[in-house]
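Structure record follows, encoded as structure tokens.
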Amino acid sequence: ISMAAGEYNSMRVQAELLQRELAIEAVELRHRPETETAELAGIYEERGLDPDQAREVAEAMMSDPQTALETHAREELGIDPRRLGSPWGAAVSSFVSFSAGALVPLLPWLTGSGDAAIVASLLLGVVAAVVVGVVVARSTRRPPVRGAVRQVLFTLVPASVTFAIGSALGVGVA
49 ISMAAGEYNS MRVQAELLQR ELAIEAVELR HRPETETAEL AGIYEERGLD PDQAREVAEA
109 MMSDPQTALE THAREELGID PRRLGSPWGA AVSSFVSFSA GALVPLLPWL TGSGDAAIVA
169 SLLLGVVAAV VVGVVVARST RRPPVRGAVR QVLFTLVPAS VTFAIGSALG VGVA
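First residue of the sequence shown: 49, per this note's numbering; consecutive thereafter.
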């Protein structure tokens, strides 16, 4: 729940910041259309259009206020105003994924205890990390071994730090 709340808040703040940038851009488009047209033409020139073509394209984009705002958002700010992200979607996704991820190393403790549960919990955590790393790597067309290693490190290092802090505070393994 904490991770879901944090993800919701993070996405909400990001969306609000981007909406603020869009509002500033909309004001600039209304009050300084010539400057904004020249700015857009400059972007198109940097991308390889000759100055006359760049100016023509910029003027065409500036002819409709909504198109002008969307174009400046994409070209100048690097955002798509229609895709600022969903705070609720991010929250639900985080809740489900973190809950599932947290359940995996707890499974051995539901039926066992002691050293066997510790070893099984550690092994299940590593196997789950490898699976997640490989799936993410394949979906992003990256090397699966690299994805697996990265995910295992991002699993074991925080777990080790948490264990060390718990041990330093005198919290033992049940």
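Using N, Cα and C, we set each Cβ at its ideal position, and we do this for glycine too.
Checklist entry - Going straight from the alpha carbon of Leu-151 to that of Ala-74, what length do you get? => result As a working mapping, residue 151 is identified with position 103 in the sequence shown. As a working mapping, residue 74 is identified with position 26 in the sequence shown. Between Leu-151 and Ala-74, the C-alpha separation is close to 47 Å.
Checklist entry - Using DSSP with H/G/I as helix, E/B as strand and the rest coil, what is Ile-127? => result One-based indexing of the sequence shown puts residue 127 at position 79. It is coil, neither helix nor strand.
Checklist entry - Quick one: Cα of Val-184 to Cα of Ser-111, how far? => result By 1-based counting over the sequence shown, the position of residue 184 is 136. By 1-based counting over the sequence shown, the position of residue 111 is 63. If you take the alpha carbons of Val-184 and Ser-111, they lie about 42 Å apart.
Checklist entry - Using a Cβ-Cβ cut-off of 7 Å (strictly less than) and excluding sequence neighbours within five positions of Ala-177, which residues of its own chain qualify? => result Your numbering for residue 177 matches position 129 in the sequence shown. Here the set comprises Gln-199, Val-200, Thr-203.
Item to check | Three-state secondary structure assigned by DSSP to Thr-188 | outcome: Numbered from 1 along the sequence shown, position 140 holds the residue referred to as residue 188. Shown here, Thr-188 sits in coil according to DSSP, grouped into three states, outside any helix or strand.
Item to check | Bounding residues of the alpha helix (DSSP H) (the contiguous stretch that carries Ala-139) | outcome: In the sequence shown, residue 139 corresponds to position 91, counting from 1. Its alpha helix (DSSP H) spans residues 135-151.
Next on the checklist: At the level of alpha carbons, what is the spacing between Phe-146 and Met-51?
Outcome noted: Residue mapping note: residue 146 aligns to position 98 of the sequence shown, counting from 1. Residue mapping note: residue 51 aligns to position 3 of the sequence shown, counting from 1. Their backbone Cα atoms lie some 7 Å apart in a straight line.
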